[in-house]
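Enquirer:
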Amino acid sequence: LVTGGFGISGRLNSAECYNPLTGNWTTVGSMNTARHSHTASVLTDGKVLVTGGFNGDALSSAELYDPSIKTWTTTGGLNNARQLHTASILANGNVLVAGGDSGNPLNTAELYDPLTETWTTTGIMNHVRTAHTASILRNRKVLVTGGYDVSGGGYLNSAELYDPLTGTWTTTASMNSARFSHTASVLQNGQVLVTGGTYSDGSLNSAELYNPLTETWTTTGSMSYARYRHKASVLIDGKVLVTGGWGNGGSPISAELYDPLTGA
1 LVTGGFGISG
11 RLNSAECYNP
21 LTGNWTTVGS
31 MNTARHSHTA
41 SVLTDGKVLV
51 TGGFNGDALS
61 SAELYDPSIK
71 TWTTTGGLNN
81 ARQLHTASIL
91 ANGNVLVAGG
101 DSGNPLNTAE
111 LYDPLTETWT
121 TTGIMNHVRT
131 AHTASILRNR
141 KVLVTGGYDV
151 SGGGYLNSAE
161 LYDPLTGTWT
171 TTASMNSARF
181 SHTASVLQNG
191 QVLVTGGTYS
201 DGSLNSAELY
211 NPLTETWTTT
221 GSMSYARYRH
231 KASVLIDGKV
241 LVTGGWGNGG
251 SPISAELYDP
261 LTGA
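Using the working numbering, you'd call the opening residue of the sequence shown number 1 and step up by one each time.
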């Protein structure tokens with residue numbers, strides 16, 4: 001399911017579904033609000049929760065897509081309007097939304113309960129951040145990395161952990177490179193691969209690994225192309241496919257594979 005975004009006609013509320021069996025796309029019901037820079041999360045009941053985004057201003061609205069009838073309904077709104085935030089499905093089925101930008105950078109976080117369709121605030125991050133990443137670790141904690149602080153903190157290399165049992169954040173080791181608009185992928189061995197992003201000197205081709213057991217970062221093989229706003233997908237063989245994005249010379253159409261066994 002692909003939702004919203006920005007096209008040649010402006011901000012979009014349209015949505016469409018891809019069928020891997022046929023290789024075809026079909027349009028489905030449109031969202032109630034056009035938006036980009038939002039999040040979309042598949043809930044345990046199969047519905048898709050879309051939160052926030054931007055449509056002239058940051059949005060607090062949220063809506064649910066029901067794949068059985070291919071339509072959207074509004075649900076409880078966020079406590080804080082936000083764009084360029086993250087949304088993570090926790091082990092109990094709740095959704096953790098963190099950070100982003102409301103016109104001001106945010107360190108707030110909140111939880112969506114699919115049973116009541118309501119939001120409650122939870123612990124505040126140690127740093128405001130936007131265009132960061134959030135990854136669910138094997139120990140069920142959430143690792144947040146990098147991002148950008150438009151209030152003066154600039155590009156971030158800091159990282160922190162959210163504990164769903166306590167609703168609190170603790171700092172963990174910082175990345176070797178500050179970056180935002182990067183990717184973070186949980187590998188089959190439980191480590192987290194961070195790739196690319198951008199910094200004051202331009203886009204990055206560097207990559208690094210976070211070990212949750214030691215809470216440390218180590219550098220790994222660099223990508224062939226510097227890129228940010230790209231995508232990274234963990235394949236069934238354990239490799240990571242990186243595609244597209246923006247680079248120092250424009251928009252790379254290239255794709256490359258990372259092999260965790262060789263680090264290249």
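For each residue, glycine too, the CB sits at the ideal point set by N, CA and C.
Under a three-way DSSP split, which group does residue 150 fall into?
Expert: Residue state, collapsed to three classes: coil.
Enquirer: Would you call the CB atoms of residue 178 and residue 199 closer than 9 Å?
Expert: Cβ distance < 9 Å, so residue 178 and residue 199 count as in contact.
Enquirer: Consider the C-beta atom of residue 106 and the heavy atoms of the ligand NAD; say whether any pair is separated by less than 8 Å.
Expert: This structure simply doesn't include the ligand NAD, nor any ligand for that matter.
Enquirer: Based on the DSSP output, what are the partners of residue 136 in its beta bridges?
Expert: Bridge partners of residue 136: 142.
Enquirer: Straight-line CA distance for residue 174 to residue 79?
Expert: For residue 174 and residue 79, the distance between alpha carbons rounds to 29 Å.
Enquirer: How would you label residue 18, buried or exposed, when you count the other beta carbons within 10 angstroms and need 16 or more for buried?
Expert: With fewer than 16 Cβ atoms within 10 Å of its Cβ, residue 18 is classed as exposed.
Enquirer: Hey, quick one: how far does the beta strand (DSSP E) through residue 113 stretch, first residue to last?
Expert: Looking at the DSSP string, the run of the beta strand (DSSP E) that includes residue 113 is 109-113.
Enquirer: Give every residue of the same chain whose Cβ lies closer than 7 Å to the Cβ of residue 181, excluding the five residues on either side of it in the sequence, and list them in chain order.
Expert: Closer than 7 Å at Cβ, skipping near neighbours: 131, 197, 198, 228 and 229.
Enquirer: Measuring straight from C-alpha to C-alpha, what distance separates residue 33 and residue 74?
Expert: Those two C-alpha atoms are separated by around 9 Å.
Enquirer: Taking the beta carbon of residue 142 as the centre, do at least 16 other beta carbons fall within 10 Å, making it buried, or is it exposed?
Expert: Residue 142 is buried by the Cβ-count criterion.
Enquirer: Comparing alpha-carbon positions, which option in 1, 22 and 8 lies nearest residue 15?
Expert: Among 1, 22 and 8, the Cα nearest to that of residue 15 is on 1.
Enquirer: Going by Cα to Cα distance, which pick from 84, 45 and 97 is closest to residue 271?
Expert: A question about residue 271 goes unanswered here, because the residues of the chain that appear run from 1 up to 264.
Enquirer: Since residue 160 is in the beta strand (DSSP E), which residue starts that stretch and which ends it?
Expert: First-last of the beta strand (DSSP E) with residue 160: 159-163.
Enquirer: Name the DSSP beta bridge partners of residue 53, please?
Expert: Beta-bridge pairing links residue 53 to no other residue.
Enquirer: What is the DSSP secondary structure of residue 225, reduced to helix, strand or coil?
Expert: Reduced to three states, the DSSP call for residue 225 is coil.
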